[in-house]
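Below is one structure, written out as structure tokens; the observations come after it.
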Amino acid sequence: MLRWILGGREAQGSVEKNPVLFIGEEQPKNWFTELQVLKGHFDIVRFLVQIDDFRFASAGDDGLVLVWNVETGERLLELRGHSQQITAMTAYTHTSGENTHTSLITASSDRTLSLWDPETGNRVQTVSDLQSSVKCLLVLERLCVWVSGGNELCVWNRDFQLQCQSHLVSQGISATVELPKNCIAASCILYEPLCCPCISSEPRLTMSTGSRLSVAEVRRLSDHQDSIHALININDGLFASGSHVGELILWDAVDWTIMAYEHILWEESQTDTQAEIRLAAPKPSEMSIQQLTSDGELMVAAVGSGLYVYSVITKSVVAYRKTAHDSNVLHTMLLPDGGLMSCSEDGSVRIWEMQDLLLPAEPASAGFFGMWTFGRSNKQAGPPVKKVLELPSLRTLELTGDLIGHSGAVQMFVSFGEKGLVTCSTDHLLIAWKNRERESHLRSLALFRKLEENGGL
Amino acid sequence: MIGAPDVVAFTKEDDFGEVGYPNPWVVPEEFSVPLFPSNNNANPWAKTSYAKFTKDFILISEFSEQVGPQPLLTIPDDPKVFGTFDLNYFSLRIMSVDYQASFVGHPTGSGYPRLSFVEDSRVVLGDSKEGAFAYVHHLTLYDLEARGFVRPFCMAYVSADERKIMLQFQELSLLFSRASECLKTGNRRAFARELQRKLRDLEYTRSVLQKEEGLQREAGPQGCYSARAVDKANELAAMEKSIYEHRDLLRQITSYPLRPRRDPHAAHCQHCVTESQRHRDAPPGPDRDTGEEAGQRRQSYTPQLIKGKSAKCFAKRLKNLTELCEERFYEATVELLNHTERCFRGDLCYLYTRRLDRALRRKQNITNFLFEEELGEEEEEVAVLGRIFCSLNHTVGTDSHIHTPSIVLCPEPPESVEVLEVNPPCPDNSAQQSEALTGEERLESSLSDLTMETQDQESSEENKDSFSSDRSGGEEEEEGREGGDQTPVFLLEAEEGGEGETHRVCEREGEAEGVFNRKREGEAEGVFNGEREGEAGVLGREEGGAGREEGGAETEEGGAETEEGGAETEEGGAETEEGGAETEEGGAETEEGGAETEEGGAETEEGDGQRVPDPELLVQMDTACCMSQEGFLYNSSPPDTLPASGLQPGSLPLPLVVNQEPQALLPVQGDYGLGSPHCPSPGAGLDLPVSSSGDTTSRGSDQDGWDCTMSASTGSERAGSPLGYGGLVTLRQKKRAGQGALRFVRQYPFALHALWSLLSGRTLVVLGSEEGRVRRLVSALALYVPGPGRCGERVQPWLSCPFSLTDLQRWKLIGLQRMASPVGTSMLCSLSRYSRYISVLDADRKTLRCPGYRGTLLANVADHRTRLRRGSTYFLHLQNVLSRLASRAFLLSFTHHLHLPISHLEQRQEVEERTRGFLRDQLRLGEDDCSILMYLSQLITQHYLDSTSGGAVTTQPHLEKDNTPGTTQQDLELVA
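Protein chains in written order, with my numbering: chain A, 12 to 468; chain B, 3 to 978.
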């Protein structure tokens, strides 16, 4: 397509690598027809947190936290205070009476934790001199406490008082998930090759009578073969974790047993001649589960540059696409209309639709990924049995639209429903994607309002 | 009983006819045009007369008491304007119509000479033999040495078209009244100052006489007066009388603004009136300027002894116009007249069209930002027309404008220093103003203590020894003449004559320099034309036959010497319209030019003062007395060539020129070659400081707009400025771009699609390796960018780094450099990444990649087989189409039911459906055309929201994606 511009073939490959995935400008189902660039950061933007239905905060490597209005694209506040990059950010909503108030908790590499008021921009609380920088934050609303995970797991109350802390393991905590069983939190420990193969532990948070909290490790789940990248809650009874080598394990949230185990292999096992080489040095990222999303029924795993939709109910693969993006998928989201949205290091956001497969002659075969299904009873029992997928249940992911605007990897996005979508990227930009028709309608309304104020032209 | 129909018939005219129901089909007043008298289907453009001049000009003439009517100055100051037209003869004609035979001497019953405050008179006269018609504005200036203190002048707007003058009489009258008012104000000030000086001289003489008389009385026997003593006493009495008369004159001239005016146009600024009233009422106290400064001035000025002799009438040298008025008032007047000339350039039809255009654009100020240039300066021009002009610049708003260049142009006159001591220091503009204000004040105060301004010494001293002694007012003159008391001091007279001659020789020299400069300019112009021709030729060769004739046309324009007649209506039109804008834009430059001119004037003056009368010149005194016929011509040139040449007499102009950057000459040539009066003095460009040459360079190259690439690439600061215009995008540049646009349309069959991209808000990237070509294309295509911004902010003519998404939002038209370096590949990556937001026009391979257009709206602006040949014609055609688009978009934006739900139940989708239906069924537009209107409408909406919110909220521009559902747009790759 761009051959005439390029005059050669050197840069062409990247464009025409996935001809199947190239979708033209004709995207009738993509309603993000207008974009607004939000400038303000001057380094990679990594985190987006929705504050309420029109505000959100963004943070990244420049240590800045910016609060935006998604409707106008206005930058509302600039929260300065962290001297180094921000490593985690979460919204902290607490209800006092009938009014709820949302604050922001940020953690930075300068080993500080801060609580911000997004109404005034004040830094309400600060904790500095932490022993290690915090990698993840988790708010336990039921207990009115929040948990920070770094090299140690700390529990804080609303007033930033350290309740308790525990050195679970020597390695850092990268993700935490609240589990239903009372006072139980799960954390996921980064894999370190030199130590024991894999560690997954479940500290139990117990509340003693004197309103003192203590945290203690209950059990380690060490079923992953490699470091765990993703850990999510699916519903009250299930949580899931994904590892670097493509293992996806569904856990029972109550008794921490393996509900299902999938090993996503893609096609490496199938390739014949080059298999030796490929297997010898498989690109680690190809199967790495970067991120997991779930709406309770379906679970989406970002596997390498592909997408993988797994039904929690049937415990089977619903749809997949091996090369959904040109590069690693970084973030995914299930859309309310059954669609799927993903963003990737290639700088694009893609919108997918799960369509029933019309043609049974789907090129996918069992070889695309191996699947082992474990019942609750036979966990860790015997060599996994390779099963051929039931084709009728398999659906395809069809690309219905893509959002191209960022020139760097799209780190994350946050959806505001029909108000639009905000993406953040390594190119220091945020982009608000909106529906042009809706926006122009709103603008017209504003015009007539103004006209009325002015008393005519 | 009267039947109802009768009643209706009876009352229709006055009762029902106009009450609240204006006929919608009647054209409003401001849009009406007087009908052309359709006699015998005459061609309205046919030359109505066989005038010897090619275009209208303004002639300033004087009825000299020495030589009779003589032309002084033409505007534009260019001999080829009036060609072979006999200015002397025409001066005779116009001055003979209303020669103000003002009253001289004593009116009956009054003992003192009265100044006759003659109102200006305005007549239209024609000379059918010459084919010239003129609006003639007579005015009278005061001169202490002139007969009856008056010098009759007239300013005439000379045109070959009688109707033009008749129909534009009101406007002409207004503008000329302003110029006249300016001139007269300056003259009053100069006159008052002269009177003061004279008074001081007289008082000094009186004191000397008193002393002498006292001596004689003491010397002589008591009670017996010698004849000499009686003589002295008489002389003293005459001196007393003279002093009294002069005081009275001064009082008269000072109270001038207070007198009632009959002239409706010459209404006075209220400020002036109150000022002078205040000063009249306040007793002139000596406390005004006492102290050391007065003392200093007393020291620095030594009053002259006035001889009670009168010189021969023809032996004196009359003041020229510049001396009659203060320098800056004179220049302001010339500037005003220049402006007037620009205002009325073009034929009647053009003037009407322009007026209509302005009136229309004022009406649609909401959509003007889309395709029209700023109305601002023209708006003001119109406003000024109706405003009372105050030459002292009391009116707020005039100060920054060209009409009052006295503010802008003049370096602070030295007098203002002393004034500033009286008044608190104020910013530049108001300093002038206050200076002007206190002018009156000063008159009063100096009346009381009779101190002189030292500043005037320089200019007046030379006159003083020579001829102010000759005539101490009209009365003495009369006496002298009547009494035949002609005992001229020969030496003095000779000196005077010599001085006059010297002066004139200087002038001649100045003129010679002027001519020389002109010649040089001509040369340079030739070179310049040659370059342009060459380039045009290259272009022509490159781009085929289409380009060639335009190249020719451009050469013609550049040449202009020969073209003036035919191309004038169009080219001149263009220039006229943009005149205001141009001067506005080049405000700084004008300023500099003005300053420079002023400087030049000062220098010349200095030179005069320093110049010792040459013995050789003394010989020529006889000829100095009676001016020869060619003396007229020389005399006509000094007022303009002197300040204009700006060169010190005696210094060679050549090194000065060489010191300049070569391009500093270009703008002048551009103007000159195009017959534009922007620089009235051909030498004005010569003395421009080097620092300003950047500006002039850019401006000069902007003027040709299309073929400026060579100089463009050398100017480094231009690359940053949008469009390379460096300032406001003027209409003239747009018209220039029209040529390029026409060429583009004719050369590329796919132009239609490119235009659609621009008009529907899709950024167009012009990719090319050659900067000149890309810049040309961009400046041509910039015409189609909706809402390009005042300075072309939405257009980036030359970009050599990869662009980002924000750039796409900022710029709607980008010229991009194709490079082979790694930067180039990353640039191409960004091109391919954002390919859905942009259309790419490859200037090197002549390909276009963009969605295809299947609409009808743009068909006739992008017809590559168009019959249009001239760029400016195409530009007007394009403006026509675009303004229709804009008005439709306005309709779309501001129609309630297209955007607001009719009922509460209605959803957004239904409203949108109605809008689509409106576009489809009522406007009969296809999908692609709808997208144009939608885009324009959106721009209008945003503009309206932004502009009325005071600019506090800066909504960022949105970028649209062209994936409107329902259309099947595929990218076209088109090859020319």
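Just so you know, even glycine gets a beta-carbon here, dropped at the ideal spot from N, CA and C.
First and last residue of the uninterrupted alpha helix (DSSP H) at residue i
{"i": "W758/B", "result": "753 to 761"}
{"i": "E45/A", "result": "Here E45/A belongs to no alpha helix (DSSP H); instead the beta strand (DSSP E) covers 45 to 49."}
{"i": "L925/B", "result": "That residue, L925/B, is in no alpha helix (DSSP H); it is neither H nor E in DSSP."}
{"i": "H341/B", "result": "329 to 345"}
{"i": "A229/B", "result": "229 to 256"}
{"i": "E915/B", "result": "910 to 919"}
{"i": "L177/B", "result": "171 to 221"}
{"i": "L779/B", "result": "773 to 783"}
{"i": "D809/B", "result": "807 to 812"}
Helix, strand or coil at residue i [DSSP, three-state]
{"i": "L346/A", "result": "coil"}
{"i": "S139/A", "result": "coil"}
{"i": "D844/B", "result": "strand"}
{"i": "S94/A", "result": "coil"}
{"i": "C435/A", "result": "strand"}
{"i": "P71/B", "result": "strand"}
{"i": "Q366/B", "result": "coil"}
{"i": "S66/B", "result": "strand"}
{"i": "N465/A", "result": "helix"}
{"i": "V138/B", "result": "strand"}
{"i": "T56/B", "result": "coil"}
For residue j and residue i, believed in contact at Cβ under 8 Å, the rounded distance
{"i": "V2/B", "j": "V776/B", "result": "No statement about residue 2/B is possible, as the shown extent of chain B runs from 3 to 978 and does not include it."}
{"i": "H274/A", "j": "S252/A", "result": "With 8 Å as the limit, H274/A and S252/A do not qualify as a contact, their Cβ atoms being about 13 Å apart."}
{"i": "W344/A", "j": "T407/A", "result": "In the sequence under discussion, the amino acid at residue 344/A is Met, which differs from the Trp named in the question. With 8 Å as the limit, M344/A and T407/A do not qualify as a contact, their Cβ atoms being about 19 Å apart."}
{"i": "L757/B", "j": "L887/B", "result": "About 11 Å; that fails the 8 Å criterion."}
{"i": "L405/A", "j": "A330/A", "result": "7 Å"}
{"i": "L935/B", "j": "L880/B", "result": "Not a contact, Cβ separation roughly 17 Å."}
{"i": "N439/A", "j": "H52/A", "result": "Per the sequence shown, residue 439/A should be read as His rather than Asn. Yes, they are in contact, since the Cβ atoms of H439/A and H52/A sit about 5 Å apart, within 8 Å."}
Distance between residue j and residue i (C-alpha atoms, nearest Å)
{"i": "E258/A", "j": "G315/A", "result": "12 Å"}
{"i": "R99/A", "j": "V56/A", "result": "Note on identity: in this sequence residue 99/A is Ala, with Arg being the wrong assignment. Their backbone Cα atoms lie some 12 Å apart in a straight line."}
{"i": "Y1006/B", "j": "L432/A", "result": "Examination of residue 1006/B is not possible in this model, given that chain B is present from 3 through 978 alone."}
{"i": "E374/B", "j": "D359/B", "result": "11 Å"}
{"i": "G293/B", "j": "E237/B", "result": "The predicted model places G293/B with a pLDDT of 39, which falls under 50 and marks its position as unreliable; any figure quoted below should be read in that light. Rounded to whole angstroms, G293/B to E237/B spans 34 Å at the Cα level."}
{"i": "T434/A", "j": "N41/A", "result": "16 Å"}
{"i": "P903/B", "j": "L458/A", "result": "14 Å"}
{"i": "T808/B", "j": "L870/B", "result": "38 Å"}
{"i": "Q301/A", "j": "L318/A", "result": "10 Å"}
{"i": "L174/B", "j": "L733/B", "result": "24 Å"}
{"i": "M365/A", "j": "T858/B", "result": "40 Å"}
{"i": "R764/B", "j": "R347/B", "result": "40 Å"}
Sheet register partners of residue i (DSSP bridge)
{"i": "S159/A", "result": "L148/A, C165/A"}
{"i": "I243/A", "result": "A251/A"}
{"i": "G412/A", "result": "I362/A"}
{"i": "D263/A", "result": "L249/A"}
{"i": "S426/A", "result": "L432/A"}
{"i": "T104/A", "result": "T113/A"}
{"i": "W79/A", "result": "F67/A, R86/A"}
Heavy atom of the ligand GDP within 7 Å of residue i beta-carbon
{"i": "Y839/B", "result": "Ligands are entirely absent from the displayed structure, and the ligand GDP is therefore not among its contents."}
Residue i: first and last residue of the uninterrupted beta strand (DSSP E) it sits in
{"i": "Y876/B", "result": "Looking at the DSSP string, Y876/B is not in any beta strand (DSSP E); the run it does join, the alpha helix (DSSP H), is 873 to 896."}
{"i": "R66/A", "result": "66 to 71"}
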